[in-house]
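Enquirer:
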């Protein structure tokens with residue numbers, strides 16, 4: 087069976103995964119502007135949600151050569167030391183954006199922790215548990231989904247851990 091291609095119409099792979107699993111979620115559409123300073127900041131502003139409740143998906147490569155994803159609030163930076171510790175590695179570095187796009191099947195600014203073409207271990211910042219639901223990318227720029235953090239963790243087989251850098 088051929089894989090479905092998504093060209094901006096119809097459900098994304100993230101939505102398909104949520105729907106097939108029977109998980110409650112709310113689709114959140116907003117107008118993406120190419121001039122936005124940050125994808126995550128734009129999403130929080132456009133959706134009128136606190137930045138701490140909107141999570142960005144980042145890909146890192148561990149010292150073991152494993153690629154993992156981290157979901158953290160858009161108003162914070164990822165601690166490479168903490169994501170390495172969570173993944174059981176000595177160190178980690180941000181993955182090249184082209185590698186992240188190729189491995190997830192999504193474009194930067196629209197990378198979702200759900201429905202990735204290659205499944206990666208996932209880590210979600212523990213602050214997500216403070217909310218009934220968090221917003222994560224729905225698989226394209228200008229589209230997020232509001233989903234319970236525990237449901238997100240279950241679908242991605244994700245682990246909660248402290249991940250944000252304390253500036």
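Residue numbers (my numbering): 87 to 253.
Quick reminder that beta carbons are idealized off the backbone N, C-alpha and C, glycines included.
Would a C-beta distance cut-off of 8 Å place residue 154 and residue 173 closer than the cut-off?
Expert: Taking 8 Å as the cut-off, the Cβ atoms of residue 154 and residue 173 count as close.
Enquirer: Using a threshold of 8 Å, state whether the C-beta atoms of residue 101 and residue 225 are closer than that.
Expert: yes
Enquirer: Going by DSSP in three states, residue 156 sits in which element: helix, strand or coil?
Expert: strand
Enquirer: Using the Cβ count rule (16 or more neighbours within 10 Å means buried), how would you classify residue 106?
Expert: exposed
Enquirer: Would you call the stretch 157-166 and the stretch 240-250 in contact, with 3 or more CB pairs under 8 Å?
Expert: Yes: at least three Cβ pairs fall under 8 Å.
Enquirer: Assuming residue 144 contacts residue 230 under a Cβ cut-off of 8 Å, what Cβ separation, rounded to an integer in Å, is found between them?
Expert: Contact between residue 144 and residue 230 fails: their C-beta atoms lie close to 15 Å from each other, not under 8 Å.
Enquirer: Give the straight-line distance between the Cα atoms of residue 200 and residue 139, rounded to the nearest whole angstrom.
Expert: Rounded to the nearest angstrom, the two C-alpha atoms are 17 Å apart.
Enquirer: Just verifying my parser: in three-state terms, what is the DSSP assignment at residue 205?
Expert: Three-state result, residue 205: coil.
Enquirer: Tell me the DSSP secondary structure of residue 169 in three-state form.
Expert: helix
Enquirer: Judging by CA-CA distance, which residue of 188, 239, 182 is the nearest neighbour of residue 212?
Expert: Comparing Cα positions, the closest option is 239.
Enquirer: Tell me whether the beta-carbon of residue 209 lies closer than 8 Å to the beta-carbon of residue 245.
Expert: yes
Enquirer: Assuming residue 181 and residue 194 form a contact by the criterion Cβ under 8 Å, report the distance between their Cβ atoms to the nearest whole angstrom.
Expert: Actually they are not in contact, since the Cβ atoms of residue 181 and residue 194 sit about 11 Å apart, beyond 8 Å.
Enquirer: Using DSSP with H/G/I as helix, E/B as strand and the rest coil, what is residue 237?
Expert: helix
Enquirer: Given a cut-off of 8 Å on the beta-carbon distance, is the pair residue 221 and residue 129 in contact?
Expert: yes
Enquirer: With respect to the alpha helix (DSSP H) encompassing residue 148, which residues constitute its N-terminal and C-terminal limits?
Expert: No alpha helix (DSSP H) contains residue 148, which is instead part of the beta strand (DSSP E) from 141-148.
Enquirer: Short of 6 Å in beta carbon distance, which residues of its chain neighbour residue 88, apart from the five on each side in sequence? Order them along the chain.
Expert: Any answer about residue 88 is weak, because its pLDDT of 40 lies below 50 and its placement is not dependable; what the coordinates show is given next. Within the same chain, residue 88 has no close Cβ partners at all.
Enquirer: Given a threshold of 16 other Cβ atoms within 10 Å of its Cβ, counted over all protein chains shown, does residue 126 qualify as buried or as exposed?
Expert: buried
Enquirer: Quick one, which of 135, 116, 232, 170 has its alpha-carbon nearest residue 207's?
Expert: 170
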